[in-house]
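Some notes on the structure that comes next.
Number of protein chains: 2
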Amino acid sequence: MKEITSTANPQVKTWKKLADKKGRKKTQTYLLEGWHLVKEALLANEAIDNILIAPNFKYLEELTKLTDIELIKISPAIATQLSETKTPQGIFAEVKIPKLSLEPTTARGAWLFLDGVQDPGNIGTMVRTADAAGFSGVVFGDKTADMYHPKVVRSMQGSQFHLKLVSSDLLPWIQAFKAAKAPVFGSELNQDARSYDQVGQHENFALIMGNEGNGMSQELLAQTSLNLYIPIKGQAESLNVAVAAGILMFQLIK
Amino acid sequence: MKEITSTANPQVKTWKKLADKKGRKKTQTYLLEGWHLVKEALLANEAIDNILIAPNFKYLEELTKLTDIELIKISPAIATQLSETKTPQGIFAEVKIPKLSLEPTTARGAWLFLDGVQDPGNIGTMVRTADAAGFSGVVFGDKTADMYHPKVVRSMQGSQFHLKLVSSDLLPWIQAFKAAKAPVFGSELNQDARSYDQVGQHENFALIMGNEGNGMSQELLAQTSLNLYIPIKGQAESLNVAVAAGILMFQLIK
Numbered sequence: 032m033k034e035i036t037s038t039a040n041p042q043v044k045t046w047k048k049l050a051d052k053k054g055r056k057k058t059q060t061y062l063l064e065g066w067h068l069v070k071e072a073l074l075a076n077e078a079i080d081n082i083l084i085a086p087n088f089k090y091l092e093e094l095t096k097l098t099d100i101e102l103i104k105i106s107p108a109i110a111t112q113l114s115e116t117k118t119p120q121g122i123f124a125e126v127k128i129p130k131l132s133l134e135p136t137t138a139r140g141a142w143l144f145l146d147g148v149q150d151p152g153n154i155g156t157m158v159r160t161a162d163a164a165g166f167s168g169v170v171f172g173d174k175t176a177d178m179y180h181p182k183v184v185r186s187m188q189g190s191q192f193h194l195k196l197v198s199s200d201l202l203p204w205i206q207a208f209k210a211a212k213a214p215v216f217g218s219e220l221n222q223d224a225r226s227y228d229q230v231g232q233h234e235n236f237a238l239i240m241g242n243e244g245n246g247m248s249q250e251l252l253a254q255t256s257l258n259l260y261i262p263i264k265g266q267a268e269s270l271n272v273a274v275a276a277g278i279l280m281f282q283l284i285k
Numbered sequence: 032m033k034e035i036t037s038t039a040n041p042q043v044k045t046w047k048k049l050a051d052k053k054g055r056k057k058t059q060t061y062l063l064e065g066w067h068l069v070k071e072a073l074l075a076n077e078a079i080d081n082i083l084i085a086p087n088f089k090y091l092e093e094l095t096k097l098t099d100i101e102l103i104k105i106s107p108a109i110a111t112q113l114s115e116t117k118t119p120q121g122i123f124a125e126v127k128i129p130k131l132s133l134e135p136t137t138a139r140g141a142w143l144f145l146d147g148v149q150d151p152g153n154i155g156t157m158v159r160t161a162d163a164a165g166f167s168g169v170v171f172g173d174k175t176a177d178m179y180h181p182k183v184v185r186s187m188q189g190s191q192f193h194l195k196l197v198s199s200d201l202l203p204w205i206q207a208f209k210a211a212k213a214p215v216f217g218s219e220l221n222q223d224a225r226s227y228d229q230v231g232q233h234e235n236f237a238l239i240m241g242n243e244g245n246g247m248s249q250e251l252l253a254q255t256s257l258n259l260y261i262p263i264k265g266q267a268e269s270l271n272v273a274v275a276a277g278i279l280m281f282q283l284i285k
């Protein structure tokens, strides 16, 4: 087993840089942390470049049954530097970012479109919820945080292996869905908005969720088939975007 | 205007300790941060002990119209030490923790019961969602994180001024609701669980949400009227607890 003990090792520096979009762009990889997620990646036959193991990792026997990749032993200090958590489980995998080229005209099923959503935890939670609700994919619009941001990866909980994730300008996607007679639902309260429980259930459709503070862009809002709102019965001004997305997704999907 | 410039000032130390349960227990106060929340507290006539203003605070004129409390000027360094955010807005309020004694037998309406929920962000989001859905109150069960934890306060977004929040053993609450013929819904998947959209809408009821990893305690589960589950259509193993609570609350309330 190859072993790295110095935090100054150039490969450790490369892995640390995977926390930033620039670093991920260079290597076209991202870092997975924790046994649960690494196991999911192995079972999903993801392309894995490296698996790193710290001394405290507990499931070595199970791991070696699942993969032939040569493991790299790292020191606890390296694990601490790479980890996003306070108590690292001692396993990381460097995974290739999938090159998914998908034409919006070929997309079917229920899709979530993210328009300028900024908080990585909200984004990851929405991807996980879309997976649970039976959605086919998620399109990350131009001003949305990166899909392999470490906090997005952590809160997706492995759903990136179950759904199609696409980074794209949302406009051609909206146009393709409308051309295929699949409704595109906005989620910004305005005078024409319809209550979310009054539009039935659908097989092929898209739901757009907007920025936490500013909502959807006006340009895209003008292109939607219909805008939906969730009636607020109490005194809260709004819902958390991931909670709102969950309520809408489970209501709209057939 | 009173002015404090040293981070070593004993009052600053007391405010810093409000981030911990022990500090809040001693003073029976908690710290609110940001103009939006401080304004909400003023408008809700909450009992405010102190208002702290840093030089970068922008709404001094509006603030002085709303309150007669003598403001305390603090240095940017103190604001940074008290703040939970990267870019403090320069306003804090030390608010008295309300002494709410509420007998479970007198509770009416829809209530959320939290059984061992640990993540402060999830808890605050659930309180905010309960407010939006028109719930009457939230009971924080014994192993649930503290309701005035700074991250709970931040994610509640002021909903603590709109709902009744109670810290209590959940068992007498469950028994009181059942005695009043108000159903108590659990949310743990088991053989007898019913799909959440098959139980109708209710005026008086309670919904119990459990711990993120381990679910509800078996002791309380045995006391529920009925357990509900949200069918997972994709491959995700579960939903985030705050998302699940949102879907259930909006579905169940009349």
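Top line first, the protein sequences correspond to chains A and B. So the first sequence is residues 32 to 285, counted in the working numbering. So the second sequence is residues 32 to 285, counted in the working numbering. Using N, Cα and C, we set each Cβ at its ideal position, and we do this for glycine too.
Original post:
Cβ of His233 of chain B within 7 Å of any heavy atom in the ligand FAD?
Top reply: As for the ligand FAD, it is missing from this structure, which has no ligand bound.
**OP:** Whole angstroms is fine: what's the gap from Gln42 of chain B's alpha carbon to Phe171 of chain B's?
**Re:** Along the second sequence, read from residue 1 onward, the residue named residue 42 of chain B stands at position 11. Along the second sequence, read from residue 1 onward, the residue named residue 171 of chain B stands at position 140. Taking the straight line joining both Cα atoms gives about 30 Å.
Original post:
Can you tell which of B:Ser190, B:Ile82, B:Ile284, B:Glu250 has the C-alpha that lies nearest to the C-alpha of Ile35 of chain B?
Top reply: Numbered from its first residue, the second sequence carries residue 35 of chain B at position 4. Per the Cα distances, B:Ile82.
Original post:
So which residues on chain A does Lys264 of chain B lean against when the C-beta distance must stay under 8 Å?
Top reply: Walking along the second sequence from the start, residue 264 of chain B turns up at place 233. Counting only Cβ-Cβ distances below 8 Å, Lys264 of chain B has contacts in chain A at Ala163, Ala164, Gly165, Ile284, in chain order.
Original post:
Which residues of chain B have a Cβ atom closer than 8 Å to the Cβ of Leu270 of chain A, listed in chain order?
Top reply: Taking the first residue of the first sequence as position 1, residue 270 of chain A is located at position 239. Neighbours of Leu270 of chain A across chain B, judged by C-beta separation under 8 Å: Arg159, Thr160, Ala163, Gly277.
Original post:
Can you name the residues of chain B whose CB is closer than 8 Å to the CB of Phe286 of chain A?
Top reply: Here chain A has residues from 32 to 285 only, and residue 286 of chain A is not among them.
Subject >> Interface residues of chain B facing Ser190 of chain A [CB-CB closer than 7 Å] >> reply: Mapped onto the first sequence, residue 190 of chain A falls at position 159. Those are Ala267, listed as they occur along chain B.
Original post:
What is the DSSP secondary structure of Tyr179 of chain A, counted as helix, strand or coil?
Top reply: Looking up residue 179 of chain A in the first sequence gives position 148. Of the three classes helix, strand and coil, the one that applies to Tyr179 of chain A here is coil, per DSSP.
**OP:** Note down, in chain order, each residue of its chain lying with its Cβ closer than 8 Å to the Cβ of Asp228 of chain B, except the 5 sequence neighbours on either side.
**Re:** In the second sequence, residue 228 of chain B corresponds to position 197, counting from 1. Closer than 8 Å at the Cβ level, and outside the excluded window around Asp228 of chain B, lie Gln282.
Original post:
Exposed or buried, Leu49 of chain B, counting other C-beta atoms within 10 Å across all chains shown (16 or more means buried)?
Top reply: Sequence index remark: in the second sequence, residue 49 of chain B carries index 18 (1-based). Leu49 of chain B should be labelled buried.
Subject >> C-alpha gap between Leu201 of chain A and Arg139 of chain A, whole angstroms >> reply: On the first sequence, position 170 is the one that residue 201 of chain A refers to. On the first sequence, position 108 is the one that residue 139 of chain A refers to. Each residue's Cα considered, the two are about 16 Å apart.
Original post:
When DSSP labels each residue in this structure, what does Met187 of chain A get in the three-state scheme?
Top reply: Numbered from 1 along the first sequence, position 156 holds the residue referred to as residue 187 of chain A. Met187 of chain A falls in the helix class under three-state DSSP.
Original post:
Just checking, does the segment 271-285 of chain A make contact with the segment 223-238 of chain A on the three C-beta pairs under 8 Å criterion?
Top reply: With the cut-off at 8 Å, the segment 271-285 of chain A and the segment 223-238 of chain A touch.
Subject >> Amino acids of chain A, ordered along the chain, whose beta-carbon sits closer than 7 Å to that of Phe123 of chain B >> reply: Taking the second sequence and counting its residues from 1, the one referred to as residue 123 of chain B is at position 92. Within 7 Å Cβ-Cβ: nothing; Phe123 of chain B doesn't reach chain A, min ~21 Å.
**OP:** Could you list which residues in chain B have their beta carbon closer than 7 Å to that of Phe171 of chain A, in chain order?
**Re:** Within the first sequence, residue 171 of chain A is the residue found at index 140, counting from 1. Per Cβ cutoff of 7 Å: no residues; Phe171 of chain A is ~18 Å from chain B at best.
Original post:
Does the distance from the C-beta atom of Gln112 of chain A to that of Gly65 of chain A stay below 8 Å?
Top reply: Locating residue 112 of chain A in the first sequence gives position 81, where the first residue counts as 1. Locating residue 65 of chain A in the first sequence gives position 34, where the first residue counts as 1. At a Cβ-Cβ threshold of 8 Å, Gln112 of chain A and Gly65 of chain A do not count as neighbours.
Original post:
Where does Arg225 of chain A land, buried or exposed, given buried means 16+ other C-beta within 10 angstroms?
Top reply: As a working mapping, residue 225 of chain A is identified with position 194 in the first sequence. Classification for Arg225 of chain A: exposed.
Subject >> Proximity winner among B:Lys70, B:Val215, B:Asp150, B:Phe236, relative to Leu94 of chain B (alpha-carbon distances) >> reply: As a position in the second sequence, residue 94 of chain B is number 63, starting the count at 1. Comparing Cα positions, the closest option is B:Lys70.
**OP:** Kindly indicate which three-state DSSP category Asn153 of chain B falls into: helix, strand or coil?
**Re:** Along the second sequence, one-based indexing puts residue 153 of chain B at 122. In the three-state reduction of the DSSP assignment, Asn153 of chain B falls in the helix class.
Subject >> Beta-carbon proximity list for Thr116 of chain A, same chain, < 6 Å, skipping 5 on both sides >> reply: The residue you call residue 116 of chain A lines up with position 85 of the first sequence. If we look at Thr116 of chain A and ignore the five residues flanking it on each side, it has no Cβ neighbours.
**OP:** Kindly indicate which three-state DSSP category Met247 of chain B falls into: helix, strand or coil?
**Re:** In the second sequence, the residue the question calls residue 247 of chain B occupies position 216. For Met247 of chain B, the three-state secondary structure derived from DSSP is coil.
Original post:
At what residues does the alpha helix (DSSP H) containing Thr45 of chain B begin and finish?
Top reply: Along the second sequence, read from residue 1 onward, the residue named residue 45 of chain B stands at position 14. Start and end: 41-48.
Original post:
Looking at the unbroken beta strand (DSSP E) that takes in Val126 of chain B, where does it start and where does it end?
Top reply: The count along the second sequence starts at 1 and reaches residue 126 of chain B at position 95. Unbroken beta strand (DSSP E) run through Val126 of chain B: 122-127.
Original post:
Are the segment 263-281 of chain B and the segment 261-277 of chain A touching, with three or more C-beta to C-beta distances below 8 Å?
Top reply: A contact exists between the segment 263-281 of chain B and the segment 261-277 of chain A.
Original post:
Between the C-alpha atoms of Lys12 of chain B and Leu143 of chain A, what's the straight-line distance to the nearest angstrom?
Top reply: This structure leaves residue 12 of chain B out entirely; chain B is present only between 32 and 285.
Original post:
Does the beta carbon of His193 of chain B come closer than 8 Å to any beta carbon on chain A?
Top reply: For the purposes of this step, residue 193 of chain B is identified with residue 162 of the second sequence, where counting begins at 1. Output row for His193 of chain B: interface = yes.
Subject >> Contact between the segment 261-271 of chain B and the segment 157-177 of chain B (3+ Cβ pairs under 8 Å) >> reply: Result no; under three Cβ-Cβ pairs closer than 8 Å.
Original post:
Taking Cβ positions, are Thr98 of chain A and Leu145 of chain A nearer each other than 8 Å?
Top reply: Residue 98 of chain A sits at position 67 when you count from the first residue of the first sequence. Residue 145 of chain A sits at position 114 when you count from the first residue of the first sequence. Taking C-beta atoms as the reference points, Thr98 of chain A and Leu145 of chain A fail to come closer than 8 Å.
Original post:
Whose C-alpha, out of A:Ile100, A:Leu74, A:His67, is nearest the C-alpha of Lys89 of chain A?
Top reply: Along the first sequence, read from residue 1 onward, the residue named residue 89 of chain A stands at position 58. The shortest Cα separation from Lys89 of chain A among A:Ile100, A:Leu74, A:His67 belongs to A:His67.
Original post:
How many Å lie between His180 of chain A and Lys52 of chain A at the Cα?
Top reply: Here residue 180 of chain A refers to the residue found at position 149 when the first sequence is read from its first residue. Here residue 52 of chain A refers to the residue found at position 21 when the first sequence is read from its first residue. C-alpha separation (whole angstroms): 7 Å.
Subject >> Within 9 Å of chain B by C-beta, residues of the segment 105-118 of chain A in sequence order >> reply: Of all residues in the segment 105-118 of chain A, none has a Cβ within less than 9 Å of some Cβ in chain B.
Original post:
For Phe192 of chain B, which of A:Ile100, A:Glu268, A:Pro107 has the nearest alpha-carbon?
Top reply: The residue labelled residue 192 of chain B in the question sits at position 161 within the second sequence. Comparing Cα positions, the closest option is A:Glu268.
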